[in-house]
Amino acid sequence: MESKSTLTMRLGLAIIALLGTMAAVSLLYVPYDVNEMNIAGRLQSPGALHWFGTDNFGRDIFSRVMEASKTAFLVGAVAVTIGLVAGFIIGATAGYLGGWTDEVLMRMIDALLAFPGILLALILVTVFEPNLFQTMIAIGVLSVPNFARVIRSGFFQYKEAEFVVAARGLGASHATVILRHVMPHIVSPIIVAASLSFSTAILVEAALSYLGLGVQPPDPSWGRMLSESQSYIGKAPWFALAPGVFIALTVLGFNLLGDGLRDLRDKKT
Amino acid sequence: MYWARKSFTLLLTLAFVLLLTFFAFRIIPGNPASAILGMEASQEQISELEQKLGIEGPLHLQFFRWAGGVIQLDFGHSIRFSEPVLSLIASRLPVTLSLAAMSLAITLLVALPLGIAAARARGRFADLFISLTSQLGLAIPSFWMGIVLILVFGLTLKWFTVSTFVPWSENAWLALKSLTLPAIALAVPQIAIVVRYLRTTMLEQMNEDYVRTAKSKGLSNANVYYKHVLRNALIPVVTVVGINFGEILAGSLVIEGVFTLPGMGRLLMTAIGNRDYPLVQGMVLLIAFTVIIINFVVDLSYRWLDPKIRLK
Amino acid sequence: MPLLTDWVKKAIEPEPSSQQRNCRLPEAGERDEDELLAVRNLSVNVKSSSRPVIEGIDLTVGRGEIVGIVGESGCGKSVLSLSIMGLLPSALKLGGGELRLNGQSLHQASQRQIRSMRGKHMSMIFQDPMTSLNPTLTIGEQLTESLRLHLKLGGREARERAVLWLRRTGLPRPEAILSSYPHQLSGGMRQRVMIAIALCCEPELLIADEPTTALDVTIQAQILDVLFRIREEEQTSILFISHDLGVIAELCDRVAVMYAGQIVEQGTVEELFESPQHPYTIGLMKSIPKPEKKGMRLYAIPGTVPSLHDRGEGCRFQSRCAHAAAICLDAMPALEHRGGSHAVRCFLASGERREMDV
Chain D
1 MESKSTLTMR LGLAIIALLG TMAAVSLLYV PYDVNEMNIA GRLQSPGALH WFGTDNFGRD
61 IFSRVMEASK TAFLVGAVAV TIGLVAGFII GATAGYLGGW TDEVLMRMID ALLAFPGILL
121 ALILVTVFEP NLFQTMIAIG VLSVPNFARV IRSGFFQYKE AEFVVAARGL GASHATVILR
181 HVMPHIVSPI IVAASLSFST AILVEAALSY LGLGVQPPDP SWGRMLSESQ SYIGKAPWFA
241 LAPGVFIALT VLGFNLLGDG LRDLRDKKT
Chain R
1 MYWARKSFTL LLTLAFVLLL TFFAFRIIPG NPASAILGME ASQEQISELE QKLGIEGPLH
61 LQFFRWAGGV IQLDFGHSIR FSEPVLSLIA SRLPVTLSLA AMSLAITLLV ALPLGIAAAR
121 ARGRFADLFI SLTSQLGLAI PSFWMGIVLI LVFGLTLKWF TVSTFVPWSE NAWLALKSLT
181 LPAIALAVPQ IAIVVRYLRT TMLEQMNEDY VRTAKSKGLS NANVYYKHVL RNALIPVVTV
241 VGINFGEILA GSLVIEGVFT LPGMGRLLMT AIGNRDYPLV QGMVLLIAFT VIIINFVVDL
301 SYRWLDPKIR LK
Chain E
1 MPLLTDWVKK AIEPEPSSQQ RNCRLPEAGE RDEDELLAVR NLSVNVKSSS RPVIEGIDLT
61 VGRGEIVGIV GESGCGKSVL SLSIMGLLPS ALKLGGGELR LNGQSLHQAS QRQIRSMRGK
121 HMSMIFQDPM TSLNPTLTIG EQLTESLRLH LKLGGREARE RAVLWLRRTG LPRPEAILSS
181 YPHQLSGGMR QRVMIAIALC CEPELLIADE PTTALDVTIQ AQILDVLFRI REEEQTSILF
241 ISHDLGVIAE LCDRVAVMYA GQIVEQGTVE ELFESPQHPY TIGLMKSIPK PEKKGMRLYA
301 IPGTVPSLHD RGEGCRFQSR CAHAAAICLD AMPALEHRGG SHAVRCFLAS GERREMDV
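Protein chains in written order, with the UniProt record's numbering: chain D, 1 to 269; chain R, 1 to 312; chain E, 1 to 358.
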């Protein structure tokens with residue numbers, strides 16, 4: 001069965017690589033100007049000129065999907081970084097110190113978890129003006145609990161381990177113990193958590209933007225394209241299909257990567 | 001001892017949620033009253049609204065006044081609708097709750113047989129197929145699923161009329177019908193989660209010694225799976241279903257927009273659009289409390305289902 | 001405890017009739033009336049590599065007889081018992097040879113046929129009573145389900161019979177036990193429940209795979225007592241698997257010693273304990289702690305059992321044998337008769353081993 005988890009991981013990586021390449025290419029080149037309107041050529045079905053057709057303003061959907069993939073990857077990367085850094089500080093403190101500190105910090109994390117994903121992001125974008133930057137921060141906060149928990153349990157597991165006690169006995173500082181002795185053991189669960197958080201980030205960004213509370217024009221986003229498409233669903237179903245397929249593909253890629261990595265790790269232990 | 005600790009944890013979490021919800025709406029840059037009223041508002045208008053919002057005086061007093069109200073189920077007044085927040089929520093709750101309940105029912109009805117089938121067919125085609133499909137189910141955003149369902153079953157096949165919600169009191173059959181598509185859209189990712197989890201717990205249980213004992217009695221495979229293995233495999237699944245409920249509740253906030261259902265989600269969007277802070281705050285708090293309490297109840301039932309813990 | 005001393009005596013000096021009945025090794029294909037289980041030249045292989053885990057196993061269990069199988073862990077004794085029950089783990093499969101219960105081939109039987117025999121004609125108790133019962137079902141549920149399945153008993157009849165069997169295994173307040181869950185009982189009580197489950201449909205054959213290993217010594221004796229008593233009352237044949245020669249000597253009529261997937265010596269309890277001939281059997285006996293040797297170091301057979309991959313052409317024990325000669329490296333000795341029902345798989349003449357201290 002080892003081959004199955006390797007296969008899952010590779011498939012995930014392949015999908016991410018494909019979409020990542022598309023996002024990178026969109027930095028340099030897109031077939032059409034994403035904001036160029038053409039009222040005469042609105043809602044064209046997919047064809048040789050417009051691979052995914054055109055939207056209600058005659059804009060090329062393929063170019064817009066490409067541009068939006070850049071947004072999705074940016075939001076995912078920034079949100080995961082925020083979640084990782086904050087989650088590490090909270091998780092490492094709770095796990096390393098234990099006792100009351102742990103109890104209080106984990107209850108705070110529980111309180112954060114009590115807000116179902118998107119609700120927390122909704123509060124944050126209500127309080128601030130919705131835009132790309134706020135969206136990234138809101139989604140980052142959302143992914144903190146996941147990282148904090150993974151890192152805390154890693155610290156809990158290893159802080160009493162013999163090699164850590166031995167290092168402490170030899171006079172190693174807290175920082176040395178954490179970085180040299182504990183970290184190497186919890187890197188792989190963190191990578192798994194990062195991969196799965198990335199896919200959650202993309203789903204939440206899409207939902208927020210769909211509701212009009214996420215990425216704002218002129219930044220293109222898959223979620224907002226979907227909400228724009230909904231009025232034309234009967235006339236131009238392709239308009240709604242392309243962004244949805246890309247959201248699903250990206251999320252699938254990161255989920256497969258995370259699952260494959262986790263299975264491989266579980267097999268080792 | 002366990003219950004004392006558990007109840008303490010529950011109260012602490014509730015307190016943190018209360019704090020978080022309060023302060024989230026206090027970190028608004030500038031004065032919320034003037035943010036709501038805009039630049040042209042007079043000082044009288046602003047202080048009048050401040051009083052209405054309960055935001056005059058020192059911060060900690062504001063918090064205790066607000067929290068005291070919450071404990072007495074007074075969530076304040078909506079600015080936009082000039083109505084108590086609670087009665088506004090109560091009027092929208094049936095739609096959202098019935099949507100969530102229906103979605104949970106669909107999740108269990110579909111996920112349990114699929115999870116068992118995947119475990120029984122371990123490594124064979126059916127298992128692979130179910131695993132792959134559930135990966136897809138996890139990846140598809142439910143609001144897009146909703147759009148696709150509208151396109152296929154509403155517009156093309158015309159099995160369902162879209163965007164016309166009929167209240168339960170008017171016609172239960174039509175109400176059920178108008179909730180079916182959104183409930184399915186919400187259920188899809190949850191089905192995927194439960195299927196994957198149940199498959200894993202079933203496979204874990206199948207390696208247990210008692211399974212060998214059951215087989216040594218000459219029981220049929222079906223009997224071994226459904227009576228012996230499933231019973232043990234379902235206990236941990238209960239926790240996941242609790243978490244699912246929270247996710248379904250959150251998902252319904254979005255999906256109500258897709259299907260224009262007059263539930264909590266629509267109310268929340270209107271409240272956010274109008275910067276109706278007391279209303280947003282009240283709804284957020286209520287949803288978070290609901291999720292915490294459901295998870296607490298799930299924890300209880302988990303312990304009740306496992307005789308090892310129940311009878312200690 | 002008069003009963004215990006009774007059967008210990010009985011085990012040491014078995015009735016002449018049972019001795020006579022089993023005094024020879026049956027030939028392949030032969031079948032006599034007293035034979036309940038016949039294992040002929042049986043091998044079990046690893047599915048992926050076709051390597052045999054156990055091979056060339058010949059074993060007969062007569063009606064009402066208790067046959068012991070003894071050996072270190074990993075010698076294949078559990079694989080043998082699971083293969084009889086048709087419960088081999090999915091990585092293993094039956095190889096060549098024959099398996100017959102009551103003259104009916106288990107080897108060629110369909111899954112369905114074997115299933116209908118399990119619990120009714122043959123049943124099994126396992127080593128760990130803590131994990132062998134389903135934690136989420138009551139004892140009553142687990143006990144009555146085979147009664148309902150095999151004997152087609154209704155609810156009340158099944159309950160009555162379950163109570164009867166719980167009482168027969170020596171459990172107090174059987175009615176209360178029916179409605180309790182496994183974790184509410186002690187290890188010894190759970191093993192009694194397991195015995196009741198295994199025997200309630202009155203199977204001809206009971207396989208007991210190290211049933212007392214996980215229990216403490218006083219409980220061990222009680223469980224053995226239950227097994228012995230039920231054999232007397234029901235004429236149930238028992239295949240008793242253990243690594244404990246002491247237990248085997250007390251309980252069994254005949255013994256087979258297994259080493260690295262083969263039977264290396266078999267015979268009646270007297271034959272084996274009075275004149276053990278295989279160096280491995282002798283080693284096992286020397287390693288039993290004895291009161292008169294108090295203060296001396298306990299004997300241990302040097303070395304370890306060769307793994308599945310290290311089994312060579314020659315005698316499997318040669319790497320640990322003090323008497324190994326050149327021939328032991330090159331050829332596999334056959335299981336040969338040494339008078340009576342005694343058979344040994346060793347090249348060395350029995351006379352040469354007399355000087356060794358047992």
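We put the CB at the ideal spot given by N, CA and C, even for glycine.
Using a CB distance below 7 angstroms, the part of the segment 276-288 of chain R facing chain D consists of Val-280, Val-284, Ile-287 and Ala-288, ordered along the chain.
Taking 7 angstroms as the threshold, the shortest C-beta distance from Thr-126(D) to chain R falls below it. Listed in chain order, the non-local C-beta contacts of Ala-192(R) below 6 angstroms within the same chain comprise Ser-134, Gly-137 and Leu-138, local neighbours out to five positions each way being set aside. At least 7 angstroms separates the beta-carbon of Gly-97(E) from that of Val-44(E). For Trp-144(R), the chain D residues whose C-beta falls within less than 7 angstroms of its own C-beta are Leu-226, Gly-244 and Ile-247, listed in chain order. Closer than 7 angstroms to the CB of Arg-148(E) there is not a single CB belonging to chain R. With the criterion set as a beta carbon lying under 9 angstroms from some beta carbon of chain R, the members of the segment 125-141 of chain E are Ile-125, Phe-126, Gln-127, Asp-128, Met-130, Thr-131, Ser-132, Leu-133, Asn-134, Pro-135, Thr-136, Leu-137, Thr-138 and Glu-141, in sequence order. The C-beta of Thr-71(D) has 16 or more other C-beta atoms within 10 Å across all chains shown, which makes the residue buried. Ranked by Cα distance from Gly-86(E), the options Gly-64(E), Ile-207(E), Gly-155(E) and Gly-314(E) are led by Ile-207(E). Neighbours of Thr-270(R) in chain D, taken as residues at a C-beta separation under 9 angstroms, are lacking, since the least C-beta distance is about 12 angstroms.
When secondary structure is reduced to three states using DSSP, Tyr-210(R) falls in the helix class.
Taking one beta carbon from each stretch, the segment 268-285 of chain R and the segment 165-185 of chain R have fewer than 3 pairs nearer than 8 angstroms; the two do not touch. Taking CB atoms only, Pro-141(R) has a neighbour in chain D less than 7 angstroms away.
For Ile-139(E), no beta strand (DSSP E) encloses it; the enclosing alpha helix (DSSP H) starts and ends at 139-150.
The Cβ atoms of Ala-196(E) and Leu-224(E) lie no closer than 7 angstroms to each other. Taking C-beta atoms as the reference points, Arg-192(E) and Leu-171(E) count as a pair closer than 7 angstroms. In terms of CA proximity to Leu-101(E), Val-39(E) leads the group Arg-112(E), Val-39(E), Leu-137(E) and Pro-135(E). In chain order, Tyr-181, Pro-182 and His-183 place their CB closer than 8 angstroms to the CB of Pro-135(E), counting only its own chain and leaving out the 5 sequence neighbours on each side. Around the C-beta of Ala-14(D), fewer than 16 other C-beta atoms lie within 10 Å, and the residue is accordingly described as exposed. Of all alpha-carbon atoms in Ser-227(D), Val-215(D) and Glu-228(D), the one lying nearest the alpha-carbon of Gly-76(D) is that of Val-215(D).
Note that the C-beta distance between Thr-135(D) and Leu-196(D) is not below 7 angstroms. Using a Cβ-Cβ cut-off of 8 angstroms, Val-254(R) is close to Ile-118, Ala-207, Tyr-210 and Leu-211 of chain D, given in chain order.
Against chain D, the CB of Ile-292(R) has a partner CB under 7 angstroms away; the residue lies at that interface. Residues of chain D with a Cβ closer than 7 angstroms to the Cβ of Phe-25(R) are, in chain order, Val-127.
DSSP, read as helix, strand or coil, puts Pro-130(D) in coil. Contact annotation for Phe-88(D) against chain R: no contact, minimum CB-CB distance about 21 angstroms [criterion: below 9 angstroms]. Shown in chain order are the members of the segment 228-245 of chain R whose Cβ falls below 8 angstroms from a Cβ of chain E: His-228, Arg-231, Asn-232 and Ile-235. Listed by position along chain D, the residues whose Cβ is nearer than 7 angstroms to that of Ile-150(R) are Ile-233. The contact set of Ala-250(R) on chain D, defined by CB atoms closer than 7 angstroms, consists of Pro-116, Gly-117, Ile-118 and Leu-119 in chain order. Among the bridge pairs identified by DSSP, Phe-125(R) is matched with none.
Ser-178(R) and Thr-161(R) have their alpha carbons spaced roughly 7 angstroms apart.
Taking the beta carbon of Leu-105(D) as reference, no residue of chain R falls within 9 angstroms; the closest one sits roughly 11 angstroms away. Using a Cβ-Cβ distance cut-off of 8 angstroms, the segment 88-98 of chain D and the segment 251-259 of chain D are not in contact, since fewer than three pairs of beta carbons, one from each stretch, lie closer than that value.
About 5 angstroms separates the Cβ atoms of Ala-114(D) and Val-17(R), confirming a contact at the 8 angstroms cut-off. Under the three-state reduction of DSSP output, Ala-109(E) falls in the coil class, being neither helix nor strand. Counting along the chain, Ser-188(D) sits inside the alpha helix (DSSP H) bounded by residues 183-210.
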